Amino acid sequence: MRNVIKEIAAEPFDLTKILDFVQSLSLQNSAKEKLIVILGATATGKSSLAMRLAEILGTEIISADSMSVYKNFNIGTAKPTAAELQRIKHHLIDILNPEEKFSVAEFVRLASEIIVALNARGKIPIVCGGTGLYIQALVEGYHFGDAKKSQSKFFKDTGELKYNALCIGLTANRAVLYERINQRTRKMFDAGLIEEVRGLLNSGISENAQAMLGIGYKETVQYLRGELTFDETISKISQATRNFAKRQLTWYRRMNYIKFYNVE
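Going by the working numbering, the residue at position 253 of the sequence shown is 251; the numbering climbs one at a time, nothing skipped.
The following block contains the structure:
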């Protein structure tokens, strides 16, 4: 069945308007911790916007990406470069070994602690990433009393977000998004994804490790096994990423407090 990404209603991307939107948060009086959230489909420029805002606001970034937590998985996760990490402090990046598991409950626990600490220092943290469940659970105050079940208890009980949060979403029309995804895939291979995956495997990391099952990594493993040609690998990763983008946008539609901007 053909994968179709349904368009999301969004304003044209305007950095000046976004800055006004963000800076208004610092003027608000609230008992809640303040928070900026930047989310969107893969390849819409979330990280670039987060870096720009963090530099302007003098703050730090909390990664909301289920793959960036793993050490040495850099290219396939589009992790910030060493230079970018020097410019702006990032949290929840490179905190786990590839064989370890990471959960939404653990993300919420760690991110919440960082948000409180940064607000105490007068900084408004920026949460940036594409793992919708992580972000929704964080801002809506999910309760994790049962490991198998979680619920948006705070949001459901109060009708409010847990934080005084501005949630900015980046999107693009289907043709633009598909081309961005295709370019992103090609850039990963130009940057050395095959060499990265080969090195990870040679270091003893299992093909079945949690981190190795991510998009881009599992297909490259198939390439190294001789199961896919280079062109087939590129195509398969691009298709998997487009499918993932569709799931991301479907998830974000349930979060009606997001203000979307079109990056076309």
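Even for Gly, the Cβ is constructed at its ideal location relative to N, Cα and C. Keep in mind the model is a prediction, meaning the values are calculated, not measured.
As assigned by DSSP and simplified to three states, the class of residue i
i	result
glycine 197	helix
glutamate 31	coil
leucine 94	strand
valine 20	helix
lysine 151	helix
isoleucine 86	coil
alanine 80	helix
Short Cβ contact (8 Å threshold) for residue i with residue j
i	j	result
leucine 90	leucine 108	yes
glutamate 31	valine 114	yes
alanine 163	valine 35	yes
tyrosine 68	proline 96	yes
threonine 183	isoleucine 232	yes
asparagine 171	serine 236	no
threonine 169	leucine 51	no
glutamate 98	glutamine 208	yes
Span of the alpha helix (DSSP H) around residue i
i	result
asparagine 162	Premise fails: asparagine 162 lies in the beta strand (DSSP E), 162 to 169, not in any alpha helix (DSSP H).
tyrosine 132	130 to 138
lysine 185	172 to 188
isoleucine 112	102 to 118
Contact belief for residue i with residue j at Cβ below 8 Å, rounded distance in angstroms
i	j	result
serine 150	tyrosine 140	5 Å
threonine 40	glycine 128	6 Å
alanine 8	tyrosine 259	6 Å
Delimiting residues of the beta strand (DSSP E) encompassing residue i
i	result
lysine 44	Looking at the DSSP string, lysine 44 is not in any beta strand (DSSP E); the run it does join, the alpha helix (DSSP H), is 44 to 55.
serine 236	That residue, serine 236, is in no beta strand (DSSP E); its alpha helix (DSSP H) goes 228 to 250.
lysine 216	Taken as a continuous stretch (DSSP letters only), lysine 216 belongs to no beta strand (DSSP E), being part of the alpha helix (DSSP H) at 215 to 222.
phenylalanine 258	257 to 260
Candidates the options: closest to residue i by CA position
i	options	result
phenylalanine 142	Ala103, Gly212 and Ala48	Ala103
serine 46	Leu198, Asn70, Tyr68 and Lys77	Lys77
threonine 14	Ile54, Arg184 and Ala170	Ile54
cysteine 165	Ala8, Leu37, Thr42 and Ser66	Leu37
leucine 94	Asp63, Ala8 and Val219	Asp63
valine 106	Ile122, Glu138, Tyr215 and Ala48	Glu138
leucine 33	Cys126, Arg85 and Tyr221	Cys126
isoleucine 203	Asp188, His88 and Asn70	Asn70
methionine 210	Leu17, Ser22, Gly74 and Thr42	Gly74
arginine 282	Arg85, Phe153, Leu199 and Arg223	This structure leaves residue 282 out entirely; the chain is present only between -1 and 262.
lysine 44	Ser28, Ala29 and Ile124	Ile124
asparagine 117	Ala243, Gln134, Leu23 and Val219	Leu23
aspartate 12	Gln208, Gly167, Ile86 and His88	Gly167
aspartate 188	Glu205, Phe228 and Gln26	Phe228
C-beta neighbour in chain D for residue i, strict 8 Å
i	result
glutamate 104	The chain inventory of the structure shown lacks chain D, comprising one protein chain alone.
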